[in-house]
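Down below is the structure, laid out as structure tokens.
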Amino acid sequence: MIADGALRGDELPSVGTEVPGPRARRWVERLAQSECPALTARRRRRAELSGTEHDPIVWTEARGACVRDADDNIYVDFTAGFGVAMLGHSRPSVIAAIQRQSGRMVHALGDVFPSDRKIELEERLSAAAPWPNAKVILGLSGADGIEAALKSAVLATRRAGVIAFEGGYHGLAHGPLAACGYSARFRQPFAGQLNADVAFVSYPAKGDRAAIEASRQGVARALATGRMGTVLVEPVLGRGGVVEGDGEALGRIVQMAHAAGAVVIADEIYTGSFRCADGWCLSGLSWSELPDIVVLGKALGGGLPISACLLRDEVAVAWGDPDGEAVHTSTFLGNPLACSAALAVMDELEDPTVRASVRAQAEAFWSDVIEPVAGDDRCGVLGVGGRGLLVGLRLDGGLRRVLAVMRAMLERGYVVLPGGVKGDQLTFTPPAVLTDAQRAHGRETLRAVLCEVR
Ligand SMILES: Cc1ncc(COP(=O)(O)O)c(C=O)c1O
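Numbers 2 to 455, taken from the numbering used here, label the letters of the sequence shown in order.
Here it is in structure tokens:
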């Protein structure tokens, strides 16, 4: 039941104050007292670069496609909260599952005495995986899932070297950070603590023959060292610029890795769970040979923090007999609340009607918003990339313009984020619950902002 005056989620934007408004400003002043200065510094830098303020709004409510801020402004969230609210914020089935579970138990004993919910979720994920008898390691964040995948790969191959891709982003814990091709600046301060044996190669972007060939050669060279046990790849670069990988080239890379005794991790944290509109685990890419490990996160928990590392049985056996100790676990492993939320998300996304509606939403987002804007010469769009509900527009004017557009969109009631290695993209990962009116209004707002901000 939605309380009187609460968001429904199908509203059009309504912004009645400056952005941020006076209440948000007070919150942000308080935030500055306790928040790590890295985040304040980022806002300052964005403001300097774009000539527009980048103080945040403060979210107080979120439902469906909408969020409300501390000043009672309503926004349409074209990010779905970093891609998490794929089925809309506060999806009723997810909230009901959390409420039911919270009446019974909110915490269990991880790997020692698991909850019934954790067992159910692992069964469901194993059945959804692309290989028979798949095994599961749950985590709390995407980075956690990648850590589990990297550890599994090194156990299976006894080789610590990792092949990663330029532009790739896998989270910022030490394991994934070492393989962060998105930004060398993220790695540099921590270099002394990171895996030094990472080979970065070109990403095999669909339609880019030179990149595909450079990628093949880079992978071959790295594998020839005999030190590489892992290839870690996103089927569509997300944060690194919404670049779709070439399905055939990715399949060939898997074959090369297998021939050299290495395992392949498909990072489907962003692309999976139907964000790319085609499947749970492999986002519909026609891999001519399957990867060995798939990592899911973000949308999997419907808003609760959970990730899953799915392992081919042959890789999972490498964990062997841990001598009576769990060598990879954590206090909150398989948290029952998060598992219940993920089960509700899986119920929804395994329903053919919901799947059809996600596909229809993706088609409508491209035809109603992306294509008309990208095709309008006045908008200064240099390129469009992506798949399903993961879309990037590369803007003429680079990072400076992207930041100014992001801010102007916010002032008109739309949440969008910058993306790409150079920050020259506007990224859209909308929830699959937008109304026709929200899409039409969003398109006209985006068109007007792009025409104004040059
Ligand atoms: C492809 C991909 N992998 C991993 C991560 C890291 O996930 P988290 O931020 O939950 O650690 C992200 C986050 O954006 C991602 O996009």
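Backbone N, C-alpha and C define an ideal beta-carbon position, used for all residues, glycine too.
Which residues mark the beginning and the end of the alpha helix (DSSP H) in which residue i is found?
| i | result |
| --- | --- |
| R472 | Limits of the chain in this structure are 2 at one end and 455 at the other, which puts residue 472 out of reach. |
| C452 | 437-453 |
| V316 | 314-317 |
| D348 | 337-350 |
| I213 | 210-225 |
| E364 | 353-366 |
| I96 | 93-103 |
| W28 | 23-35 |
| V403 | 399-412 |
| G84 | 81-84 |
| V374 | 372-375 |
At the level of alpha carbons, what is the spacing between residue i and residue j?
| i | j | result |
| --- | --- | --- |
| D314 | P131 | 11 Å |
| C282 | R188 | 28 Å |
| L338 | A211 | 47 Å |
| S368 | R276 | 17 Å |
| V264 | T231 | 5 Å |
| D209 | A165 | 18 Å |
| A128 | T430 | 27 Å |
| V234 | L141 | 20 Å |
| P419 | I266 | 26 Å |
| G89 | E290 | 33 Å |
| A261 | G227 | 8 Å |
| A109 | Y204 | 41 Å |
| M229 | V16 | 53 Å |
| A157 | V385 | 39 Å |
| N74 | E326 | 51 Å |
| L195 | H175 | 6 Å |
| T332 | G169 | 29 Å |
| A433 | A357 | 11 Å |
| A206 | T446 | 30 Å |
| R44 | D56 | 6 Å |
| V403 | T354 | 36 Å |
| E214 | V255 | 15 Å |
| E30 | M257 | 53 Å |
| F201 | G182 | 7 Å |
| A317 | C380 | 50 Å |
| S91 | G424 | 30 Å |
| G248 | A135 | 23 Å |
| V237 | I270 | 10 Å |
| R159 | W320 | 12 Å |
| R47 | E453 | 19 Å |
| I96 | G6 | 19 Å |
| D11 | G280 | 26 Å |
Looking only at DSSP bridge pairs, what is residue i linked to?
| i | result |
| --- | --- |
| W60 | D70 |
| I266 | L233, I294 |
| F114 | L110 |
| V392 | G387, F429 |
| E245 | V237 |
| C310 | I138, V296 |
| H55 | Looking at the DSSP assignment, H55 forms no beta bridge with any residue, so it has no partner. |
| G321 | None, per the DSSP bridge assignment. |
| V382 | L396 |
| Y415 | V77 |
Is it true that the CB of residue j sits closer than 7 Å to the CB of residue i?
| i | j | result |
| --- | --- | --- |
| V450 | V416 | no |
| A63 | A25 | no |
| G273 | G146 | no |
| G303 | A363 | no |
| S51 | R401 | yes |
| E349 | S94 | yes |
| G162 | D198 | yes |
| L427 | L390 | no |
| M347 | R125 | yes |
| C310 | A179 | no |
| G143 | G421 | no |
| Y76 | P21 | no |
| E123 | V137 | yes |
| A345 | A98 | yes |
| L251 | S153 | no |
| T61 | R69 | yes |
| G335 | P115 | yes |
| G443 | V370 | yes |
| A66 | Q439 | yes |
| A278 | R360 | yes |
In the DSSP assignment, find the unbroken beta strand (DSSP E) run with residue i in it and report its ends.
| i | result |
| --- | --- |
| T428 | 426-429 |
| I75 | 75-78 |
| P205 | From DSSP, P205 is part of no beta strand (DSSP E); its letter is neither H nor E. |
| L305 | Here L305 belongs to no beta strand (DSSP E), and DSSP marks it neither H nor E. |
| L418 | 418-420 |
Counting only C-beta atoms, is residue i closer than 7 Å to chain C at any point?
| i | result |
| --- | --- |
| M410 | No chain C appears in this structure, which consists of one protein chain only. |
Report yes if the C-beta of residue i is less than 6 Å from at least one heavy atom of ligand 2; otherwise report no.
| i | result |
| --- | --- |
| H171 | What this structure holds is ligand 1, not ligand 2. |
- Could I get the ranges of all uninterrupted beta strand (DSSP E) runs contained in the segment 121-202, with 3 residues as the minimum, in chain order? 136-140, 162-166, 199-202
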